[in-house]
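A.B. asks: The following block contains the structure, expressed as structure tokens.
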Amino acid sequence: MAKTALVTGVTGQDGACLAKFLLAKGYRVYGAFRRSSTANFWRLEYLGIKDAVSLVPFDLQDMGSIVRVMKEFRPDEVYNLAAQSFVGVSFSQPLVTANITGLGPVNVLEAVRLVKPDTRVYQASSSELFGKVQEVPQNEKTPFYPRSPYAVAKLYAHWAVVNYRESYNMFCCSGILFNHESPLRGLEFVTRKITDAAARIKHGLQDRLALGNLEARRDWGYAPEYVEAMWLMLQQKDPRDYVIATGATHSVREFVEAAFSAAGLDWQKYVVSDSTLFRPAEVDLLIGDASLAEKELGWKPQTSFSELVEIMVRADMERVSQRA
Ligand code: NDP
Ligand code: GDR
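So the sequence shown is numbered by numbering that gives the first Met the number 0: it starts at 0 and just counts up by one.
Set out below in structure tokens:
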């Protein structure tokens with residue numbers, strides 16, 4: 000019998016990448032998506048898997064809808080990737096973010112507990128939990144210090160997972176994933192905003208790129224590798240939370256330089272600073288130590304920073320040239 004997985008947030012970057020990964024492993028994949036007036040399946044179409052995923056409507060804020068999905072499909076594994084995931088917007092929409100990103104995962108945990116408590120649950124935690132970092136690099140034992148409504152909400156969900164594991168002996172765990180990017184990244188995130196702009200400027204469709212804080216440093220990895228780590232966590236004998244990261248850090252400025260250079264452009268001619276894009280509180284430096292994941296999951300990052308930038312620039316150049 001094929002294993003079954005429910006992936007929430009299947010229309011997002013990670014949901015689409017994970018669905019592709021699980022299908023290749025022979026899983027039956029139920030992709031949970033929220034209804035909107037305009038269909039948003041471009042990532043599943045880009046990966047050529049839209050028809051292979053069984054799409055089920057639900058909303059993370061509506062526990063009844065998750066209970067119904069659990070009762071109908073009784074999945075072996077649930078990957079809860081759905082969230083209001085944009086840190087910048089969380090400052091202007093803190094309550095929506097708290098409801099979706101903080102309380103939403105508790106709806107999933109409760110639905111699993113009530114309907115099929117032996118289902119294994121993965122929760123998408125984040126390096127944003129480290130925020131104002133208390134040590135460098137950050138590992139599973141580093142104290143948290145969230146710096147945004149998004150991170151505060153994720154912290155609530157993170158501890159809810161620990162609590163369900165300890166209270167009900169459920170197999171649930173969180174991956175504390177550092178930033179991971181790909182050509183499927185949303186355009187609001189800085190990497191994709193940069194690679195898309197570089198491609199559009201190169202093709203004469205745009206003449207400037209406004210950015211906020213260029214000095215923030217992130218540990219950027221390649222998304223298709225990170226979804227494998229999610230799966231590995233649910234295949235272990237015992238549930239445990241893991242940091243997933245590359246162990247290298249780069250500034251936004253370095254990302255801009257590399258991306259514009261890959262597009263054959265001098266970034267200084269096009270990039271302007273926009274103070275409205277600075278955040279009320281910033282996470283200045285993230286760099287992860289994923290040695291526990293390497294030891295216990297056998298997981299190691301494969302794609303370097305410069306390879307990641309090239310993959311993203313190439314994909315955006317192709318996309319833009321097809322439209323131009
Ligand atoms: P995206 O923003 O690309 O995707 C988020 C998904 O959540 C979308 O499918 C979105 O649906 C869905 N969603 C949002 N609100 C609801 C809701 N109320 N009900 C149902 N679905 C909803 O995020 P990523 O794929 O990049 O990230 C996946 C998860 O991992 C998120 O939880 C994110 O916070 C977390 N994370 C991501 C990291 C990264 O670097 N990418 C690093 C660490 C953690 P719709 O398409 O309709 O908007
Ligand atoms: P982040 O990603 O906040 O780390 O969260 P994002 O790409 O939005 O920001 C990274 C850094 O770049 C700076 N920055 C800008 N950011 C955006 N979006 N737009 C700009 O114009 C801009 N200029 C500078 C930001 O200030 C920040 O320092 C991502 C999300 O995927 C989360 O869901 C996830 O949990 C974390 O990564 C790990």
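For every residue, glycine included, the Cβ atom is placed at its ideal position computed from N, Cα and C.
Taking the continuous alpha helix (DSSP H) assigned at residue 320, which residues delimit it?
C.D. replies: Numbered from its first residue, the sequence shown carries residue 320 at position 321. First-last of the alpha helix (DSSP H) with residue 320: 304–322.
A.B. asks: Consider the C-beta atom of residue 335 and the heavy atoms of the ligand GDR; say whether any pair is separated by less than 6 Å.
C.D. replies: It is not possible to answer for residue 335, since the shown part of the chain is limited to 0 through 323.
A.B. asks: Report the residue from 246, 176, 222 and 127 whose alpha carbon sits nearest the alpha carbon of residue 147.
C.D. replies: The sequence position of residue 147 within the sequence shown is 148, counting from 1. Selected option, being the one with the closest Cα: 127.
A.B. asks: Please classify residue 163: does DSSP put it in a helix, a strand, or coil?
C.D. replies: Residue 163 sits at position 164 when you count from the first residue of the sequence shown. Here residue 163 sits in helix by DSSP.
A.B. asks: Nearest to residue 173 by CA position, among 79, 85 and 298, is which residue?
C.D. replies: Counting from one through the sequence shown, the residue named residue 173 turns up at place 174. Out of 79, 85 and 298, 79 has the C-alpha closest to the C-alpha of residue 173.
A.B. asks: Taking the alpha-carbon positions, what's the residue 87 to residue 69 distance?
C.D. replies: Translated into the one-based positions of the sequence shown, residue 87 becomes position 88. Translated into the one-based positions of the sequence shown, residue 69 becomes position 70. About 32 Å.
A.B. asks: May I ask whether a heavy atom of the ligand GDR can be found less than 6 Å away from the beta carbon of residue 207?
C.D. replies: Within the sequence shown, residue 207 is the residue found at index 208, counting from 1. The answer is no for residue 207.
A.B. asks: Residue 2 to residue 269, Cα distance in whole Å?
C.D. replies: Start at 1 with the first residue of the sequence shown, and residue 2 comes out as number 3. Start at 1 with the first residue of the sequence shown, and residue 269 comes out as number 270. Near 50 Å, if we compare the C-alpha coordinates of residue 269 and residue 2.
A.B. asks: Any contact of the stretch 201–221 with the stretch 306–318, i.e. 3+ C-beta pairs under 8 Å?
C.D. replies: They touch, by the three-pair rule.
A.B. asks: Is residue 110 near the ligand NDP, judged by its Cβ being under 6 Å from some heavy atom?
C.D. replies: What you label residue 110 is simply residue 111 of the sequence shown in a count that begins at 1. Answer for residue 110: no, Cβ out of range of the ligand NDP.
A.B. asks: Inspect the beta-carbon positions of residue 29 and residue 72 and report whether they are closer than 7 Å.
C.D. replies: By 1-based counting over the sequence shown, the position of residue 29 is 30. By 1-based counting over the sequence shown, the position of residue 72 is 73. It is a contact, given that the beta carbons lie within the stated cut-off.
A.B. asks: Residue 65 by DSSP, collapsed to three states: which one?
C.D. replies: Position 66 of the sequence shown holds residue 65. Helix, per DSSP.
A.B. asks: With a threshold of 6 Å (Cβ to nearest heavy atom), would residue 80 be considered close to the ligand NDP?
C.D. replies: The sequence position of residue 80 within the sequence shown is 81, counting from 1. It does: the Cβ of residue 80 is within 6 Å (strictly closer) of some heavy atom of the ligand NDP.
A.B. asks: Here's the rule I'm using: 16 or more other beta-carbon atoms within 10 Å means buried, otherwise exposed. How should residue 255 be labelled?
C.D. replies: Here residue 255 corresponds to residue number 256 of the sequence shown, with the count starting at 1. Residue 255 comes out buried.
A.B. asks: CA-CA distance, residue 162 and residue 293?
C.D. replies: Reading the sequence shown from its first residue, position 163 is the one you call residue 162. Reading the sequence shown from its first residue, position 294 is the one you call residue 293. For residue 162 and residue 293, the distance between alpha carbons rounds to 25 Å.
A.B. asks: Where does residue 98 fall in DSSP's three states?
C.D. replies: To locate residue 98, count along the sequence shown from 1; it is residue 99. Helix.
A.B. asks: Does residue 190 come out as helix, strand or coil in the three-state DSSP assignment?
C.D. replies: For the purposes of this step, residue 190 is taken as residue 191 along the sequence shown, with counting starting at 1. Helix.
A.B. asks: For residue 341 and residue 57, what's the separation of their Cα atoms in angstroms?
C.D. replies: As displayed, the chain neither begins before 0 nor continues past 323, which places residue 341 out of reach and without an answer.
A.B. asks: How about residue 220: is its C-beta nearer than 7 Å to some C-beta of chain D?
C.D. replies: In summary, chain D is missing from the structure at hand, where a single protein chain is found.
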